[in-house]
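Residue numbers (UniProt numbering): 1 to 531.
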């Protein structure tokens, strides 16, 4: 009960609870102010803006950093506290109820909306009604978080030049065009999470991790997962690790390199960890360096999503995905919204319906709305990983007939966490450094942002901070106390780390692919468009 459960594990079951709650006018919104995915929304503090709002009786004071004015539990972040999630579950439930009850989600109770109504002679309410009807028809009744009209995948999203050089039933492999005269000999292969599309790391020019990597002379490949349907319900870790091995084969053949470096993000890092352990069990040492981006492998940490950690919900989630064959991405979207209703529901309720504004135009929110599915078999395995914490137990899970033992991972590892991450607590991400071979070279970097914001974190932001420190030891708090705060992002730090492990330079290839793996569709390929 003290472990966090990624939203994918419980989305389908908890969706029913969210549907029963539903956005209801006349109920009270919480007072947190952070916008979706840790980014402050353009419209700002709409729910409580307007003359005379601050200090009104009945409106609780704003407490930055936690939704709905929740106080942060006074628990030692580095100490396992089995009872913490249970206590926090009750607090989260009360908070969700509080966030439905106040006046500011109604026209009569929102001074800013009343002012707008008088100024526009009610035109804002006409626009709001249109927005409401659109969301009922096309967004499951939740307020839209983003205006999708300006965005097109392959048009102004996911535009770094590249070609599909390998495709099977499970994935496409994309190779990116070098932009430097010389490149490092050791290529990098990225594994994105199965429940999301890969292009959050290739959003737009100057906001693309992939663009940044190739600009540093790194040969870069990524997997783009196929969006499964019920016909692929039996796809599991065996399926995904097999296709990862095929991708490594292709990358090595195309580049002429005997080995690779890898990068696993979020749940993609879970898959990558089982891949590395399986390869180690077979004596396959072709991965020489591996990076984990905001990935939890040890779930025995205080749970910010404690409300969702009940075994009843987990059983219901397993039953639902087993029945349908897949976990629907739309279920996850609803759960993400109701985990942070103040930010992800009521903020947009006021903006879209009472103020009559269009939702914000923001690339990361457009990506976030581009949901995918997860096969039922993989979902069941991930639930086992979460419930039983099997990745911390040598042989706790078997992949391709090999018992998974993370301590057999001997390659250099680079692990990132995010200071304000509400999905994968940084102390849990830190634990990865202790699960791999203790004699291996492991680096930990802590970003000063949230889950997705820490990944989409291009250089040049003067407010961006990260913590780097000594070789990680058992206690994350001791590491942080000894760490140094630096201006910048992990993109730059990882690139330097990777270049140091990238081998000698060679002339950049004039063409992508090879005779065996001929270049096919331009990036972003076909699978990214699959519905």
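From the three backbone atoms N, C-alpha and C, an ideal C-beta is built for every residue, glycine too.
What you are looking at is a predicted structure, and each value in this text was computed from that prediction instead of being measured.
Alpha carbon of residue i to alpha carbon of residue j, nearest angstrom
i	j	result
residue 426	residue 446	7 angstroms
residue 352	residue 150	17 angstroms
residue 155	residue 161	12 angstroms
residue 266	residue 184	26 angstroms
residue 492	residue 104	43 angstroms
residue 384	residue 390	7 angstroms
residue 116	residue 147	21 angstroms
residue 406	residue 387	18 angstroms
residue 106	residue 130	17 angstroms
residue 413	residue 189	14 angstroms
residue 378	residue 281	21 angstroms
residue 214	residue 113	47 angstroms
residue 490	residue 471	17 angstroms
residue 230	residue 326	6 angstroms
residue 233	residue 108	49 angstroms
residue 210	residue 467	23 angstroms
residue 507	residue 179	11 angstroms
residue 273	residue 433	12 angstroms
residue 144	residue 158	22 angstroms
residue 496	residue 411	17 angstroms
residue 512	residue 203	22 angstroms
residue 192	residue 521	20 angstroms
residue 453	residue 248	28 angstroms
residue 118	residue 348	21 angstroms
residue 395	residue 225	27 angstroms
residue 527	residue 220	19 angstroms
Local Cβ density within 10 Å of residue i, reported as buried at 16 or more and exposed below that
i	result
residue 299	buried
residue 334	buried
residue 487	exposed
residue 517	buried
residue 187	buried
residue 169	exposed
residue 42	With a pLDDT of only 37 at residue 42, under the threshold of 50, the placement of this residue in the model should not be trusted; the figure read from the coordinates follows. Classification for residue 42: exposed.
residue 23	For residue 23, the predicted model reports a pLDDT of 43, less than 50, meaning its position is unreliable and no value from the coordinates is stated.
residue 337	buried
residue 308	At residue 308 the pLDDT is 47, less than 50, meaning the model places this residue with poor confidence and gives no usable figure here.
residue 182	exposed
residue 515	exposed
residue 357	buried
residue 531	exposed
residue 47	Model confidence at residue 47 stands at a pLDDT of 37, short of 50, so the residue's coordinates are unreliable; what they give is reported in the following sentence. So residue 47 counts as buried.
residue 555	Outside the displayed span of the chain (1 to 531) sits residue 555, for which this structure offers no information.
residue 278	buried
residue 163	buried
residue 121	exposed
residue 456	buried
residue 461	exposed
residue 123	exposed
residue 285	exposed
residue 484	exposed
residue 134	exposed
residue 138	exposed
residue 477	exposed
Segment limits, alpha helix (DSSP H) that includes residue i
i	result
residue 175	Taken as a continuous stretch (DSSP letters only), residue 175 belongs to no alpha helix (DSSP H), being part of the beta strand (DSSP E) at 171 to 176.
residue 272	267 to 281
residue 407	Here residue 407 belongs to no alpha helix (DSSP H), and DSSP marks it neither H nor E.
residue 135	123 to 138
residue 455	451 to 455
residue 213	209 to 215
DSSP beta-bridge partners of residue i
i	result
residue 224	172
residue 546	Any answer about residue 546 is impossible in this case: the structure gives the chain only from 1 up to 531.
residue 506	183
residue 167	172
residue 417	446
residue 369	For residue 369, which the question treats as bridged, DSSP gives no partner whatsoever.
residue 261	188 and 289
residue 374	327
residue 157	153
residue 431	Bridge partners of residue 431: none, in fact.
residue 402	399
residue 358	DSSP, once it has assigned bridges, lists no residue as partnering residue 358.
residue 522	163
residue 202	208
Extent of the continuous beta strand (DSSP E) to which residue i belongs
i	result
residue 239	Run containing residue 239: none in the beta strand (DSSP E); it sits in the alpha helix (DSSP H), 237 to 255.
residue 116	Segment 111 to 120 is the alpha helix (DSSP H) holding residue 116; no beta strand (DSSP E) there.
residue 467	465 to 468
Check: residue i C-beta below 8 angstroms from any heavy atom of the ligand SAH
i	result
residue 519	Among the components of this structure there are no ligands whatsoever, and the ligand SAH is therefore not found.
Practice task
Within the segment 474 to 499, note down every full beta strand (DSSP E) run reaching 3 residues or more, in order along the chain.
Solution key: 484 to 487
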